[in-house]
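Going letter by letter, the sequence shown gives residues 314 to 1158 in this note's numbering.
Using N, Cα and C, we set each Cβ at its ideal position, and we do this for glycine too.
Structure record follows, encoded as structure tokens.
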Amino acid sequence: MRRKEKRLMQFAGLLIVALLFLPNVGLWSLYRDRMFENSPEFVEGPGGLAQVQKMNVRPRPPVVRDGQQRKDWHDYEAIRRDAARTGVYSRHSTRVSVGMYPRHSTGVLIGVYSQHSTGVLIGVYSQHSTRVSVGVYPRHSTRVSVGVYSRHSTGVSVGVYPRHSTGVSVGVYPRHSTGVSVGVHSPHSTRVSVGVHSPHSTRVSVGVYSPHSTRVSVGMHSPHSTRVSEGVYPRHSTRVSGGMYSPHSTRVSGGVYSPHSTRVSGGVYSPHSTRVSGGVYSPHSTRVSGGVYSPHSTRVSGGVYSPHSTRVSGGVYSPHSTRVSGGNGEQGKSFPLTDADRVDQAYRENGFNIYVSNRISLNRSLPDIRHPNCKLKLYVEKLPNTSVIIPFHNEGWSSLLRTVHSVLNRSPPQLIAEVILVDDFSDREHLKASLEDYMVRIPKVRILRTKKREGLIRTRLLGAAAAKGEVITFLDSHCEANVNWLPPLLDRIAQNRKTIVCPMIDVIDHDNFGYETQAGDAMRGAFDWEMYYKRIPIPPQLQKEDPSEPFESPVMAGGLFAVDRKWFWELGGYDMGLEIWGGEQYEISFKLWMCGGRMEDIPCSRVGHIYRKYVPYKVPGGVSLARNLKRVAEVWMDEYAEYVYQRRPEYRHLSAGDVTAQKELRSRLNCESFKWFMTEVAWDLPKHYPPVEPPAAAWGELRNAGSGLCMESKHFSSGSPLRLETCVKGRGETAWSHGQVFTFGWREDIRVGDPLHTKKVCFDAISNNSPVTLYDCHSMKGNQLWTYRKDKTLYHPVSNSCIDSSPSEKRIFMNTCDPSASSQQWLFEKTNATILEQFNRNHRS
């Protein structure tokens, strides 16, 4: 009986509310008609919509912070006049019907709403309040029926409620309480039926929902709510059927997704989205089954957890935490390799370990290794957008997709006009229909395909010709864009459209996919006179007090840069006469500097790149590098081309093709000479790579005085050890072909080869008792600095030891210096006593 009485009372209460307050019926209808019968503020307009007329009393102007642009009274009145039947709206407000709303409010019917409030029927609402019926409510309160409510309270029936309380029927409720029966639920509450609900819950039936709630049926939804049926949605709401989607919205079927959206089926996912099945996951996403997890994600079962993740089962995860145990490659960590992982098959098709790549998330997290000052920088408010062009040929599936996802996930969406994948006639099955099916779900990505093998240079030109963005950004197909990589690049172009900008290129290890900086990190791009790309230290004159500031670079590495699209074509793009790959970075760099532009490296923009173990495919038509370099030298290097031919005599008589068009372009652009480039731009290059090589101190075979055996390097490759072998000159053979010729040159390192034809590997040692091995020459002294002393010992200052030998083991190693030991005495075939004395004098001083 009590239950029936209670239900009757509830029904009667709802009926009374409907009769009193629903639009067009009951007392409210009479009150409303009289309220607006003769109002000068509203008149009927076209289509039955109300036109807002100028009010007699000026409203209070919106608050404007220092530094923001102020709107004058005329603009404010214009906003009011433009609001048709939807009413007058102040800053950031939403109105669906007639009324006056202060800023940040949402209203559905008539009434006055204060800041951040939501109203369903009539009344006056204070800040952050919710009103369903008539009455006056103090600040932060919720009232459903008649009565006075204190601050932060919620009431359903008549009565007074203490602070922060929730009321359902008549009576007094203690602080922070929750009501059990029908009515309004306090902020962050959930109601499924009758009962007590904890914060951040969900109501499935009809009613009013406070902030952060979810409603599946018909009704009015407050900020951050979800509506599945038709209706009006305030700011931060979600609509699943037809309509517009504001920020923080959710769409379950096809359509457009704004930031913070959720998609349950296939499609495109914007930041802060949720996907339950397979697909692409953007930042702040949630996956319930196995798959890839982006930042701010939640996983309920085992798997990989990115930053800001939550675990519901085993393990404790604090906010913004990272899972340490799970997650191959997360935070750029190297993948632990077994012997099986290292087999050649893993490298054969791609030049890097595709087996490891396939076991790492497509959306893996990376370490933020930028200088701390990068996080404090401000950029131009309106930056140009960019077309990101990614050429590829037979690229691995996971490495290509990881490149695309890193670009989309770590770039402001409004700055990405498009991502253009340009397929240079790949023949692998996964790059055909499978790639098309995958990318069709990502609206900003499109695929272009060549009809024959064109090579890197022409493939890039094809993508650039199709680009629509204001800026063209070139990337390789095996990269990972790091945190906030794009705005620092676009900011410099926005300030000077004739600037080409390059990100700092970090190293992704081709074996284990560990992510780290290059040796030396911030350095200037340069070249030697054999036209190998080099990196040289920033001279003191160019070093900035803030190491996060951009710095000039004479030459780019080539694969990763951004350029204003119109400026790129004004420069003629790439030289169409360049074949396949090689030399294009010199051509664009020389042309840029000499014809009125500039180049900068941007320390706050970082992109990881996989440097292949070897090139895994054949270049059609033979090797094009020599021809390309000859072409660049002929067009742009003037008399300095002779220094290249001295070191590469085979280039001298090589055909460079017709260069008439390129020379005409240089004349038309009124470009400077290459001497100007070497004087004004690359003035520090000769210090590291002089055009005329200074004389060497010693060279030729290097024979041990005790055993009569010679040093030899059989493989000329980095990491290979030096050994003692029989001197080949005694057998009438060529010492060069056996790797028994070395040069102690002006850099005070020892290289394989004679003075004019040295290899790029140097003697390197770590410490006493360590072996002497060959390592890539870095010209930075350190472990590669040597001294050839008068007692014939080869002294290593870093380890304070000398090169020793074991004839029986044919081993060469570092040992404590003993000038009397013949095993430590070495005889160069030729020496320059003047240079040797100068070297030794430098060390003595």
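### Task
Reducing DSSP to helix, strand and coil, say where residue 784 ends up.
strand
#### Entry: Exposure label - residue 1009; buried when at least 16 CB within 10 Å
Buried, by the Cβ-count rule.
#### Entry: Rounded Cβ spacing between residue 1014 and residue 1142 (contact assumed at less than 8 Å)
5 Å
### Query
Under 8 Å between the Cβ atoms of residue 801 and residue 917?
yes
### Query
Relative to the alpha-carbon of residue 694, which residue among 896, 807, 899 and 738 has its alpha-carbon at the smallest distance?
807
### Task
Go ahead and pull the three-state DSSP assignment for residue 715.
helix
### Query
Mapping DSSP to helix, strand and coil, what is residue 945?
helix
### Task
Give the straight-line distance between the Cα atoms of residue 744 and residue 708, rounded to the nearest whole angstrom.
Cα to Cα, residue 744 sits roughly 8 Å from residue 708.
### Inter-residue CB distance, residue 838 and residue 866 (contact presumed, cutoff 8 Å)
5 Å
### Task
Let me know if residue 562 comes out buried or exposed under the rule of 16 or more other beta-carbons within 10 Å of its beta-carbon.
Caution applies to residue 562, whose pLDDT of 38 falls short of 50 and renders its modelled position unreliable; the value that the coordinates give is listed next. With 16 or more other Cβ atoms within 10 Å, it is buried.
### Message
Using a 10 Å radius around the Cβ and a threshold of 16 neighbouring Cβ atoms, would you call residue 995 buried or exposed?
### Response
Counting Cβ neighbours within 10 Å, residue 995 comes out buried, since at least 16 surround it.
### Query
Would DSSP call residue 730 helix, strand or coil?
strand
#### Entry: At least 3 beta-carbon pairs within less than 8 Å: the stretch 874–881 vs the stretch 847–856
The stretch 874–881 makes no contact with the stretch 847–856: fewer than 3 CB pairs, one atom from each, lie closer than 8 Å.
### Query
What first and last residue would you give for the beta strand (DSSP E) that runs through residue 804?
Where residue 804 is concerned, there is no enclosing beta strand (DSSP E), although the alpha helix (DSSP H) it sits in stretches over 799–808.
#### Entry: Inter-stretch contact (C-beta, 8 Å, three-pair minimum) for the stretch 673–680 and the stretch 783–790
no
### Query
Can at least three beta-carbon pairs, one atom from the stretch 983–997 and one from the stretch 958–974, be found at a separation below 8 Å?
Segments in contact, no.
#### Entry: Supposed close pair residue 1153, residue 1071 - CB separation, criterion 8 Å
Residue 1153 to residue 1071, Cβ: 22 Å. No contact.
### Query
With DSSP run on the structure shown, which of helix, strand or coil describes residue 1095?
Helix at residue 1095.
### Task
Throw me the rounded Cβ distance for the residue 1128 and residue 1082 pair, which I believe falls under 8 Å.
7 Å
### Query
If you drop the 5 nearest sequence neighbours on each side, which residues of the same chain put their C-beta closer than 8 Å to that of residue 1062?
1075, 1076, 1090, 1092, 1094, 1097, 1098 and 1099
#### Entry: Check whether residue 647 and residue 822 have beta carbons under 8 Å apart
Going by C-beta atoms, residue 647 is nearer than 8 Å to residue 822.
### Task
Grab the span of the alpha helix (DSSP H) containing residue 671 for me, first residue to last.
667–671
### Task
May I have a chain-ordered list of the beta strand (DSSP E) segments no shorter than 3 residues that lie completely inside the stretch 980–1058?
1011–1017, 1023–1025, 1036–1038 and 1055–1057
### Message
Using the Cβ count rule (16 or more neighbours within 10 Å means buried), how would you classify residue 739?
### Response
Buried.
### Query
Excluding five sequence neighbours on each side, which residues of the same chain lie with their C-beta closer than 8 Å to the C-beta of residue 911?
809, 811, 812, 813, 865 and 905
### Task
Please name the residue in 1088, 1121, 1079 and 748 whose C-alpha comes closest to that of residue 1110.
Of 1088, 1121, 1079 and 748, the residue nearest in Cα terms is 1079.
### Query
Which residues in the same chain have their Cβ closer than 7 Å to the Cβ of residue 976, if we skip the five residues on either side of it in sequence?
948
### Task
Measuring alpha carbon to alpha carbon, tell me which of 783, 827, 804 and 664 ends up nearest residue 915.
804
### Task
Return the bridge partner residues of residue 1119 from the DSSP annotation.
1124
### Query
Is residue 953 closer than 8 Å to residue 1003 when the C-beta atoms are compared?
For the 8 Å CB-CB criterion, residue 1003 and residue 953 do not form a contact.
### Task
Mark residue 322 as exposed unless 16 or more other C-beta atoms lie within 10 angstroms of its C-beta, in which case mark it buried.
Looking at its Cβ environment, which holds fewer than 16 other Cβ atoms inside 10 Å, residue 322 is exposed.
### Query
Quick one, which of 729, 749 and 688 has its alpha-carbon nearest residue 713's?
For residue 713, the nearest C-alpha among the options comes from 749.
### Task
Express the C-alpha separation of residue 985 and residue 843 in angstroms, rounding to a whole number.
23 Å
#### Entry: Proximal residues to residue 1145 (C-beta, below 6 Å), its chain only, five neighbours per side dropped
1008 and 1010
### Query
For residue 720, which of helix, strand or coil comes out of DSSP?
Here residue 720 sits in helix by DSSP.
### Query
The beta strand (DSSP E) with residue 817 in it runs from where to where?
812–821
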